[in-house]
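Here's the structure, in structure tokens; my notes come after.
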Amino acid sequence: MVRFDDVWLKYRRAGEATLAGSPDVVRGVTFEIPDGGFRWIIGASGAGKTSVLKLIYLAEHPSRGHIDILGTRVGKLSRRDLALLRRRIGVVYQDFRLLPHLSAYDNVALPMRLARKPEAQIKADVTELLQWVGLSQKHQSRPDELSGGEQQRVAIARAVVGRPKLLVADEPTGNLDDDQAERLMLLITALNRLGTTVVVATHNLGLVARYPAPHLEIAGGKLVSDG
Amino acid sequence: MAKRIDHLGLRSAMADRLLPMLVGAMSFLAILAIAGVMAAAALAAQWRGDTGAALTVQVPDASQPAASGIGNRLNAVLAVLGATPGVTGPKALSAAELDTLLKPWLGEDAESLALPVPAVITATWSGAGSITSLRAALDEAAPGTLAETGSRWASRVAALTSSLQDSAAAILVIVALVASAVVAIATHAGLAQRRDTIAIIHGLGALDSDIAARFALRATLLAGFGAIIGAALAVPVLLWLATLAAPFAGVLPQSGAPSLPPLLWAVLPAIPLAAALIGWLTTQFTVRGWLRGLA
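Following this line, the structure appears as structure tokens:
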């Protein structure tokens, strides 16, 4: 379950020691996503979608309000517990964020290695996932040797390899052509059917129309529609 | 992490030449400082033993009759010294020996100046008994006689040694701080170069301790390697210095080959360990501090 309770967020301005004077980029947002649910987060560019996602995947702390992720109130967690909670969240970034010096295999294996999983299990899971996303022949390729679509598939394989309870995707189809976007959405909806809670931010309303699901609409940092 | 993969790309991000070189230079200086302290302590111990035991007696008008009226003043003083417990081997310096002693001060003309030079007696003073009583006895036998022990010089040598040791300790602290600063700068450079990678790994759930350990391992290896090189380069220099210092220490090896004290050989491997520890601690502190800037 993901729950926001009157959540506000400010970014510290460069060179300033405090948040005082910084504008609110998320303003009093309240919503709840049940376990196994699927939510689109929609809104225009700059509306605050990515900021809401960052709060969900624990890249930012709210300046006010409370957030529960997977049933855990995050405000009181230690840095170690926050890191352990992050391992239960898969994130697909718009810009992929693959490690350029690692192969596709090692990029996908990274979350499992961070979790100190046995190498035999890592090999089995990563090999299966690379096959699932159609990259088994390119497992030794580095990101700069892959196309944008292939990189995105590596990124989603990395996001789901740890069997996350929550999958968060920020404009996941933004760099993909229609075929690749369709394939990616099939992967995401398949994961959702397997019980993963999914939150996808997009400004592509055509995509939302093709995969109908409840949505949270953000405008000016506020939640203007939930349903 | 079961498999040792360079997730952070530190092999290229943390300077693999500059850091070992600078830490090696610091280790080299640290070893020289430690060797200096040891040499100073050994020389001081030797000098304290030599000068502290020396007794010098000056007898003015040595050929004049003694106060007792029996024999001259020089013989009277020698008799008192010979009868005093704790004084051994009293010997009056010959005129030639006196000339040699005075030549540095008076030049080649020392003999022709016809100065009233007192007779000088050297002896060994064990320290037993009172120098004041001895002076009184000598003054009674030959008024105006002066007796000096080397204790004043010995205390000065002790003070000098202590100052050298304090200076060396300060040098070691400075060297350790500089080495720590070098590691911190290299770590900050590595963090800046790998900022995006660290953010990704942090977002995937890496613990601060995991990330800090990766940097610390790299810094420890580089610092330890640099210190080993520094220590290895210091050895021939130390042997050369030992050769130079041998005459002052009264240790002239029969074979002619210089040698180092066993304690210094024991210290040499400790320097790379200390450098590695400094590298590890500094990196852990630096990386964990930097990571606190992330959510």
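Chains as they are written, first to last, in our numbering: chain A, 142 to 368; chain B, -9 to 285. Built from N, CA and C at the ideal position, the CB exists for glycine as well.
If you draw a straight line from the Cα of G269 of chain B to the Cα of A171 of chain B, it comes to about 10 Å. For H242 of chain A, the chain B residues whose Cβ falls inside 7 Å of its Cβ are G(-1), in order along the chain. At a Cβ-Cβ threshold of 7 Å, H356 of chain A and I183 of chain A count as neighbours. If you draw a 10 Å sphere on the C-beta of K81 of chain B, you find fewer than 16 other C-beta atoms in it, and that means exposed. Sequence-distant partners of K279 of chain A (beyond 5 residues in either direction) whose C-beta falls short of 7 Å from its own C-beta, in its chain, are A245, L287, E291.
Looking only at B:A127, B:V147, B:L45, B:G140, the smallest Cα-Cα distance to V110 of chain B is reached by B:L45. The C-beta distance from K190 of chain A to A354 of chain A rounds to 15 Å, too long to meet the 8 Å contact threshold. Taking the C-beta atoms as reference points, A256 of chain A is found no nearer than 7 Å to R221 of chain A. In summary, R214 of chain A is exposed, with fewer than 16 beta-carbon neighbours lying within 10 Å of its beta-carbon over all protein chains present.
Cα atoms of K264 of chain A and V249 of chain A: separation of roughly 10 Å, rounded to the nearest angstrom.
Annotation for V349 of chain A: W181, I183, T343, H356 place their beta carbon closer than 8 Å to its own, counting only its chain and skipping 5 residues before and after. Between V49 of chain B and P108 of chain B, the CB-CB gap stays under 7 Å.
Here the C-alpha atom of A144 of chain B lies approximately 57 Å from the C-alpha atom of D200 of chain B. Distance between R205 of chain A and S192 of chain A, taken at the CA atoms: about 14 Å.
In this structure, the straight-line span from the alpha carbon of R208 of chain B to that of G178 of chain A is close to 44 Å. Here the alpha carbon of Y198 of chain A sits roughly 7 Å from the alpha carbon of V232 of chain A.
Under DSSP, W255 of chain B shares a beta bridge with no residue. Here the alpha carbons of A159 of chain B and L12 of chain B stand approximately 20 Å from one another. Close partners of I188 of chain B in chain A (Cβ separation under 7 Å) are lacking, with about 10 Å as the shortest Cβ gap. Residue contact check for A224 of chain A against chain B: a CB pair falls below 7 Å. Every beta strand (DSSP E) of 3 residues or more that sits fully in the segment 224 to 286 of chain A is shown, in chain order, as 230 to 233.
Taking A206 of chain B as the centre and dropping the five residues before and after it, the same chain places the C-beta of W270, T273, Q274 closer than 6 Å to its C-beta, in chain order. By a beta-carbon distance limit of 8 Å, A43 of chain B contacts T114 of chain B. Their separation comes to about 5 Å. For P284 of chain A, no CB of chain B lies under 7 Å from its own CB, so it is not counted at the interface with that chain. DSSP places E173 of chain A in the strand class (E or B) of the three-state scheme. Ranking B:A265, B:T78, B:A202 by CA distance to the CA of V277 of chain B puts B:A202 first. Taking a contact as a CB-CB distance under 8 Å, the pair T187 of chain B and L(-2) of chain B counts as one, their CB atoms being some 6 Å apart. In the DSSP assignment, S366 of chain A is bridged to A:E358. Take the alpha-carbon of P133 of chain B and the one of L92 of chain B: they are about 24 Å apart. Leaving aside the five residues that flank H192 of chain B on each side, the residues in its chain whose CB is nearer than 6 Å to its CB run, in chain order, L284. Chain order gives no chain A residues near D6 of chain B, where near means a beta carbon separation below 7 Å; the closest approach is about 15 Å. Chain-order list of chain A residues neighbouring A196 of chain B: A224, L255, by C-beta distance under 7 Å. About 20 Å separates the beta carbons of P241 of chain A and D311 of chain A, which is beyond the 8 Å limit, so they are not a contact pair. Contact annotation for A285 of chain B against chain A: L199, A200, E201, H202 [CB-CB distance below 7 Å, chain order]. At a C-beta separation below 9 Å, I191 of chain B has these neighbours in chain A: L240, L251, L255. Pairing L332 of chain A with L308 of chain A gives a Cβ-Cβ distance under 7 Å.
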